[in-house]
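Accompanying notes for the structure given below.
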Amino acid sequence: RDSGSVYKKNGGAHGMSWCLRFFIFIFLPGTVAGLHMERRDFLVSLVAGGTAGVCVDLVLFPLDTIKTRLQSPQGFSKAGGFRGIYAGVPSTAVGSFPNAAAFFVTYEYVKSVLKFSSSSYLSPVRHMCAASLGEMVACLIRVPSEVIKQRAQVSPSSTTYQILANTLRQEGIWGLYRGYKSTVLREVPFSLVQFPLWEFLKDLWSWKQGHVVNSWQAAVCGAFAGGFAAAVTTPLDVAKTRIMLAKTGSRTASGNVFFAMHHVWKAQGIVGLFAGLIPRMTAISLGGFIFLGAYDKVRSLLLQLGIKESQ
Numbered sequence: 347r348d349s350g351s352v353y354k355k356n357g358g359a360h361g362m363s364w365c366l367r368f369f370i371f372i373f374l375p376g377t378v379a380g381l382h383m384e385r386r387d388f389l390v391s392l393v394a395g396g397t398a399g400v401c402v403d404l405v406l407f408p409l410d411t412i413k414t415r416l417q418s419p420q421g422f423s424k425a426g427g428f429r430g431i432y433a434g435v436p437s438t439a440v441g442s443f444p445n446a447a448a449f450f451v452t453y454e455y456v457k458s459v460l461k462f463s464s465s466s467y468l469s470p471v472r473h474m475c476a477a478s479l480g481e482m483v484a485c486l487i488r489v490p491s492e493v494i495k496q497r498a499q500v501s502p503s504s505t506t507y508q509i510l511a512n513t514l515r516q517e518g519i520w521g522l523y524r525g526y527k528s529t530v531l532r533e534v535p536f537s538l539v540q541f542p543l544w545e546f547l548k549d550l551w552s553w554k555q556g557h558v559v560n561s562w563q564a565a566v567c568g569a570f571a572g573g574f575a576a577a578v579t580t581p582l583d584v585a586k587t588r589i590m591l592a593k594t595g596s597r598t599a600s601g602n603v604f605f606a607m608h609h610v611w612k613a614q615g616i617v618g619l620f621a622g623l624i625p626r627m628t629a630i631s632l633g634g635f636i637f638l639g640a641y642d643k644v645r646s647l648l649l650q651l652g653i654k655e656s657q
C-alpha cells in the first residue's frame, strides 16, 4: 500500500503532528523550566488534577457506558444493554490520572502566563484560553484510552487487552488516535463553556457571601457548569462516538465530524444528535461536582501543607 492511502485511512496523523509540536514547544518548556509556574504549584496541580480525574472516572463509569451504548450505531441492546457495565474500565483506570493531571498542569500554567491586567473583564478570555490549551494537551493521553474504552463498552465479551491488540494489528498506532480531531472539537467548546462559567459562579458566590467559596461550594458550581456545557455539546459527543466506533475504512472512520453529524441527522434527526443527553448531563453534572470539587479540595490541602512546611 502506498503511504498516501495509509495516511488518508488513518486520518488524524496531520492533526497529531501539529499537536505533538504544540506539546513539545509549549507544554514541556513551561512545566520543566518553570518560567511562569513555581515547582510547588506544578506538583500541586499534577497531584490534585490526577486524583480528581481517577475519582470521577471510576465512580461514573457505568453512566458513561450507558451513554456510549445509547450513541452506538448498532443500538443500545445490541451494544450490550445493561450487561458488562464495567467493560473497558482498565483502560480508563490507566488513563485517568495522567489525563487529568496534564489538563490541570496546563490550565494553571497558562493562567499564570496570561495575566493581562488586574481587570476582571478579561478573566473569561484567560480561562477560555487556559482550558482550550489544557484540553488539547490532555487529549494526547485521553483519546487512546477513550478509543479502547468505548470499543470495550460495546463489545463486553472482549477483554481490554484483546481490543487493544486488535486495534494495533488492524490500524496501527494511529488507530488509537482515531477521533482525535472530533474529541478536541468536542472538548474545546465544552471547556470554553464549563471553565469560564465555573470560575464566574465561584466569583459570584464568593462576592455574595463575602469570602472565598469552600470546596463543596466549588463542587456545586462545577455541577451546574458541567451540566450546562454537556447539554450544548452533546451533538459533538455523538459524532465523536460514531467516529470511534465506525468500521475501519468507512467514511465516518476518516474523522470528519461534520459528515458524522450530517449522517446522524439524516438517519435519526434531532433525536439522534442528542442521543444519550440525559445520562451525559447526569454523568457530567455529577462529574463536575466530584471532579472540580475534589480538585479544589486536594489543591487547597496540598497548598496548606506546603505553607506549614515552609514555616
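Numbering-wise (our numbering), the sequence shown opens with residue 347 and increments by one. Yeah, the Cβ is synthetic: ideal placement off N, Cα and C, and Gly gets one too. Treat the numbers as computed from the prediction; the structure is a model and nothing was measured.
Extent of the continuous alpha helix (DSSP H) to which residue i belongs
{"i": "G600", "result": "For clarity, residue 600 is Ser in the given sequence; the question names Gly instead. Note, S600: premise wrong, no alpha helix (DSSP H); not H, not E."}
{"i": "W594", "result": "The displayed chain sequence assigns Thr, not Trp, to residue 594. Premise fails: T594 is in no alpha helix (DSSP H) and is neither H nor E."}
{"i": "V500", "result": "Careful: V500 lies outside any alpha helix (DSSP H) and carries neither H nor E."}
{"i": "L522", "result": "Segment: none, L522 is in no alpha helix (DSSP H) and carries neither H nor E."}
{"i": "G573", "result": "561 to 578"}
Presumed contact (8 angstroms Cβ cut-off) between residue i and residue j, rounded CB distance
{"i": "C485", "j": "T452", "result": "So it is not a contact: roughly 11 angstroms between Cβ atoms."}
{"i": "E517", "j": "T594", "result": "6 angstroms"}
{"i": "G399", "j": "Q499", "result": "Not a contact, Cβ separation roughly 19 angstroms."}
{"i": "S646", "j": "S561", "result": "7 angstroms"}
{"i": "R626", "j": "K413", "result": "5 angstroms"}
{"i": "E545", "j": "S596", "result": "Actually they are not in contact, since the Cβ atoms of E545 and S596 sit about 41 angstroms apart, beyond 8 angstroms."}
Distance CB(residue i)-CB(residue j) smaller than 9 angstroms
{"i": "A599", "j": "A394", "result": "no"}
{"i": "G573", "j": "V402", "result": "no"}
{"i": "Q496", "j": "T580", "result": "no"}
{"i": "G397", "j": "V617", "result": "A small correction: the amino acid at residue 397 is Thr; Gly does not occupy that position in the sequence shown. No."}
{"i": "L531", "j": "V610", "result": "no"}
{"i": "Q417", "j": "A621", "result": "yes"}
{"i": "I624", "j": "A606", "result": "no"}
{"i": "A577", "j": "F635", "result": "no"}
{"i": "L638", "j": "A565", "result": "yes"}
{"i": "I487", "j": "A511", "result": "no"}
{"i": "R429", "j": "P502", "result": "yes"}
{"i": "Y526", "j": "G601", "result": "yes"}
Between the CA atoms of residue j and residue i - distance to the nearest angstrom
{"i": "V558", "j": "Y455", "result": "22 angstroms"}
{"i": "A477", "j": "A571", "result": "13 angstroms"}
{"i": "F629", "j": "Q508", "result": "The question names Phe, yet the displayed sequence has Ala at residue 629. Taking the straight line from one Cα to the other gives about 28 angstroms."}
{"i": "G380", "j": "Q420", "result": "The predicted model places G380 with a pLDDT of 43, which falls under 50 and marks its position as unreliable; any figure quoted below should be read in that light. Rounded to whole angstroms, G380 to Q420 spans 48 angstroms at the Cα level."}
{"i": "F541", "j": "G521", "result": "30 angstroms"}
{"i": "S631", "j": "V539", "result": "13 angstroms"}
{"i": "V459", "j": "L649", "result": "20 angstroms"}
{"i": "L547", "j": "V390", "result": "23 angstroms"}
{"i": "K612", "j": "A439", "result": "36 angstroms"}
{"i": "G615", "j": "A425", "result": "21 angstroms"}
{"i": "F369", "j": "V483", "result": "For F369, the predicted structure reports a pLDDT of 44, less than 50, and the residue's modelled location is therefore unreliable. A value from the coordinates is still provided. Whole-angstrom Cα-Cα distance: 6 angstroms."}
{"i": "V584", "j": "F422", "result": "14 angstroms"}
{"i": "S552", "j": "V405", "result": "29 angstroms"}
{"i": "P436", "j": "G556", "result": "44 angstroms"}
{"i": "L392", "j": "E492", "result": "21 angstroms"}
{"i": "T411", "j": "Y432", "result": "7 angstroms"}
{"i": "T377", "j": "F450", "result": "Reliability fails at T377, whose pLDDT of 43 lies under 50, so the model's placement of it is uncertain and the value that follows must be treated cautiously. Cα to Cα, the separation comes out at about 12 angstroms."}
{"i": "T506", "j": "L582", "result": "25 angstroms"}
{"i": "D642", "j": "D387", "result": "13 angstroms"}
{"i": "D549", "j": "Q563", "result": "11 angstroms"}
{"i": "K461", "j": "F407", "result": "37 angstroms"}
{"i": "R515", "j": "R524", "result": "14 angstroms"}
{"i": "F536", "j": "H473", "result": "12 angstroms"}
{"i": "K554", "j": "I494", "result": "45 angstroms"}
Length-filtered (4 minimum) alpha helix (DSSP H) runs lying within the stretch 603 to 634: Whole alpha helix (DSSP H) segments, 4+ residues: 603 to 619.
Alpha helix (DSSP H) runs contained entirely in the stretch 402 to 477, provided each spans 4 or more residues: Whole alpha helix (DSSP H) segments, 4+ residues: 407 to 417, 435 to 459.
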